[in-house]
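Chemist: Using my numbering, the letters of the sequence shown map in sequence onto residues 7 to 408.
Ideal placement from N, C-alpha and C gives every residue a C-beta, glycine not left out.
Have a look at this one before I ask anything.
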Amino acid sequence: MINPYFCYAFSFIAAIVTYLLGWSDLYPELSWSLLAFLLVTIGFHVYLGTRIRRPGNIFTSIAPFSEKGALRVTLFVYALWACEFMYAGGIPLMKLLLNQPYNYRTFGIPSLHVFIVTFSSFYTVCLFHLYLSSRRRIILVLYLVNLFAAILIYNRGMFLFNLSSSFFLLLMSVNRIPRIWWLALPVSLAVLLYLFGVLGSLRVSREARKPYTTELFMQTGRANHRFVTSHVPREYFWAYIYISSPLANLQHTVNTKDAGDPSVGKLAEMINNELLMDFISKRINTRFHLEPEKENTIPGPFNVSTVYARSFSYWGWAGMFLMACAVAAIPWLYMRTLPATSPFFLSGFSILCTMFLFLAFDNTIRFTGFSFQLLYPFLLHYLSKKFPETQKFFVNNKVTNP
């Protein structure tokens, strides 16, 4: 059974196990109090995951209304990408390959960039659902074309999120996982994590104007003797740091940050900055001259700290408890408000699974580039009800069991 609650449990278990490998001297010791808190939330999410009973829990097939409609949407998306490339003075991937100056933090047309990244990501996942339903090659080609956009802008996070959501759809589409998958899945994961390290080392080496090397990042992450003397390929140190450093930052915040001011005002600030999309919270902060609380982080460029660190900064352990309750309520609200019979339900549900998979690494709830994708299933569902002619650009409103 694939659902967000199990994804939450899996990600935090993976983070804890990885953390306990102890390959970096940057990390503080994991405290029993924090470990107990995380284990309780993991257990609670596993319980909620076993209690899910919904029609949409079984994969439902949807039929493409028009292949031409899917092609037109893809052309529309790439027309927007072309505008961004012209605005940036080139394609990011080509700039990197040609050793031209490029800063991914400033890429994109303001406002438009949020829409194109979120809509492109959602539509990529939606196309994969269409392919699993129809097995039409043209839909698969369009899916790969839309997936390739993340590579063109050299956005590893976007590519990983879209691939993850697609993977969850694939798992939902099979009644029983074939035995060969149990071997293929860990091998594929190992390859992906290795390539993740290769790409990261390439980027760091390029920024330092040096030939390809893994030593630079190992120095930054303070790889210790235990890792250096192991037989683990050094590219995997990237995966180790990215998976476990958010937990290290959470522990460091708990160790060094004041417990927070348990006032109504601080609670309101926590809700604004931790549960609302950041494009909304930034405007509220500007309007009321508020400065968001920050977590304390370990030395280096490792500045993400799970979904809980900043809530601790606002309200201490009580803030983390309230955040855990809010996190647990989100999938329930999604399933209560969007009909499982909607052709967009499973696409959104798989995106929600990915969101929960990455809560162990950062607060994906407040990240507009990710959480905004969850609005499209609602928008398109009710838009197709009110204006049926819009269905031809996406899917037929007919949903059937395979």
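Looking only at its own chain, which residues have a Cβ that is under 8 Å from the Cβ of Leu-380, when we skip the five neighbours before and after it?
Modeler: Tyr-340, Gly-354, Ile-357, Leu-358 and Met-361
Chemist: Does DSSP put Ser-68 in a helix, a strand or coil?
Modeler: With the sequence shown as reference, residue 68 is identified as Ile, and Ser is not the correct amino acid for it. Of the three classes helix, strand and coil, the one that applies to Ile-68 here is strand, per DSSP.
Chemist: Which residues in the same chain have their Cβ closer than 8 Å to the Cβ of Glu-275, if we skip the five residues on either side of it in sequence?
Modeler: Counting only Cβ-Cβ distances below 8 Å, and skipping sequence neighbours, we find Leu-296, Pro-298, Glu-299 and Tyr-320.
Chemist: What did DSSP end up calling Ser-30 once you bin it into helix, strand or coil?
Modeler: In this structure, Ser-30 counts as strand in the three-state DSSP scheme.
Chemist: Measuring only the C-alpha atoms, how far is Val-310 from Gly-375?
Modeler: As the crow flies, the alpha-carbon of Val-310 is around 16 Å from that of Gly-375.
Chemist: Pair every Cβ in the segment 124–142 with every Cβ in the segment 166–174, then say whether three or more of these pairs are closer than 8 Å.
Modeler: The segment 124–142 makes contact with the segment 166–174; the number of CB pairs closer than 8 Å reaches 3 or more.
Chemist: Using a Cβ-Cβ cutoff of less than 6 Å, which residues in the same chain neighbour Ile-97 once the five nearest sequence positions on both sides are dropped?
Modeler: Phe-91 and Leu-158
Chemist: Mind listing, in chain order, the continuous beta strand (DSSP E) runs of no fewer than 3 residues lying wholly within the segment 217–277?
Modeler: none
Chemist: Using a Cβ-Cβ cut-off of 7 Å (strictly less than) and excluding sequence neighbours within five positions of Asn-302, which residues of its own chain qualify?
Modeler: His-258, Thr-259, Thr-262 and Lys-263
Chemist: Going along the chain, which unbroken runs of the alpha helix (DSSP H) with 4 or more residues stay wholly within the segment 283–341?
Modeler: Listed in chain order, the complete alpha helix (DSSP H) runs (minimum 4 residues) inside the segment 283–341 are 284–293.
Chemist: Determine the burial state of Ala-15: buried for a count of at least 16 other Cβ atoms within 10 Å of its Cβ, exposed for fewer.
Modeler: If you draw a 10 Å sphere on the C-beta of Ala-15, you find 16 or more other C-beta atoms in it, and that means buried.
Chemist: Can you grab the Cα-Cα spacing for the pair Leu-351 / Leu-389, in whole Å?
Modeler: Rather than Leu, the amino acid found at residue 351 in this sequence is Phe. If you take the alpha carbons of Phe-351 and Leu-389, they lie about 14 Å apart.
Chemist: What does the Cβ neighbour count give for Thr-47, buried or exposed, with the cut at 16 atoms within 10 Å?
Modeler: buried
Chemist: Give me the residue from Leu-146, Val-313 and Lys-101 with the minimum Cα distance to Met-329.
Modeler: Val-313
Chemist: Kindly indicate which residue of Gly-95, Val-333 and Arg-162 has the alpha-carbon position closest to the one of Arg-372.
Modeler: Val-333
Chemist: Helix, strand or coil: which one does DSSP assign to Arg-142?
Modeler: Looking at Arg-142 - three-state DSSP - the assignment turns out to be coil, as it is neither helix nor strand.
Chemist: What is the DSSP secondary structure of Leu-133, counted as helix, strand or coil?
Modeler: The answer is helix: DSSP assigns Leu-133 an H, G or I state.
Chemist: Would you be able to state if there are at least three C-beta pairs under 8 Å between the segment 201–208 and the segment 283–293?
Modeler: In short, these stretches do not touch, since the Cβ pair count stays below three.
Chemist: Looking only at its chain, what residues have a beta carbon closer than 6 Å to the beta carbon of Glu-73, apart from the 5 residues adjacent to it on each side?
Modeler: Ile-144
Chemist: By Cβ distance, which residues of its chain are closer than 8 Å to Val-50, with the 5 residues on each side in sequence left out?
Modeler: Residue 50 is actually Phe in this sequence, not Val. Excluding sequence neighbours, Phe-50 sits near Ala-330 and Ala-334.
Chemist: Run the CB neighbour count on His-135, radius 10 Å, all protein chains shown included, and call it buried at 16 or more, exposed below.
Modeler: buried
Chemist: Is the distance from the Cβ of Ser-139 to the Cβ of Ile-68 below 8 Å?
Modeler: yes
Chemist: What are the start and end residues of the alpha helix (DSSP H) that includes Ala-42?
Modeler: 38–57
Chemist: Ile-247 and Ser-30 - do their beta-carbons sit closer together than 8 Å?
Modeler: Pairing Ser-30 with Ile-247 gives a Cβ-Cβ distance under 8 Å.
Chemist: Check whether the segment 221–233 and the segment 28–44 touch, using three or more Cβ-Cβ pairs below 8 Å as the test.
Modeler: yes
Chemist: Going by C-alpha distance, which of Gly-325, Met-178, Asn-255 and Phe-384 is nearest Glu-35?
Modeler: Asn-255
Chemist: Taking buried to mean at least 16 other C-beta atoms within 10 Å of its own C-beta, is Asn-109 buried or exposed?
Modeler: exposed
Chemist: Does at least one heavy atom of the ligand PLP sit under 7 Å from the Cβ of Gly-206?
Modeler: Among the components of this structure there are no ligands whatsoever, and the ligand PLP is therefore not found.
Chemist: Contact check, Thr-226 vs Pro-307 under 8 Å by CB: the rounded distance?
Modeler: 7 Å
Chemist: Contact defined as beta carbons within less than 8 Å: I believe Ala-366 pairs with Phe-12. What is the distance between those atoms, to the nearest angstrom?
Modeler: No, Ala-366 and Phe-12 are not in contact; Cβ-Cβ is about 13 Å, not under 8 Å.
Chemist: Which residue marks the beginning of the alpha helix (DSSP H) containing Tyr-200, and which one marks its end?
Modeler: 185–213
Chemist: Apart from the five residues just before and just after Ala-265, which ones in its own chain have a Cβ nearer than 6 Å to its Cβ?
Modeler: Gly-322
Chemist: Among Leu-81, Ala-156, Leu-103 and Arg-142, which residue has its Cα nearest to the Cα of Gly-114?
Modeler: Considering only Leu-81, Ala-156, Leu-103 and Arg-142, the residue with the shortest C-alpha distance to Gly-114 is Ala-156.
Chemist: Verify whether the separation of the beta carbon atoms of Thr-80 and Val-151 is less than 8 Å.
Modeler: yes
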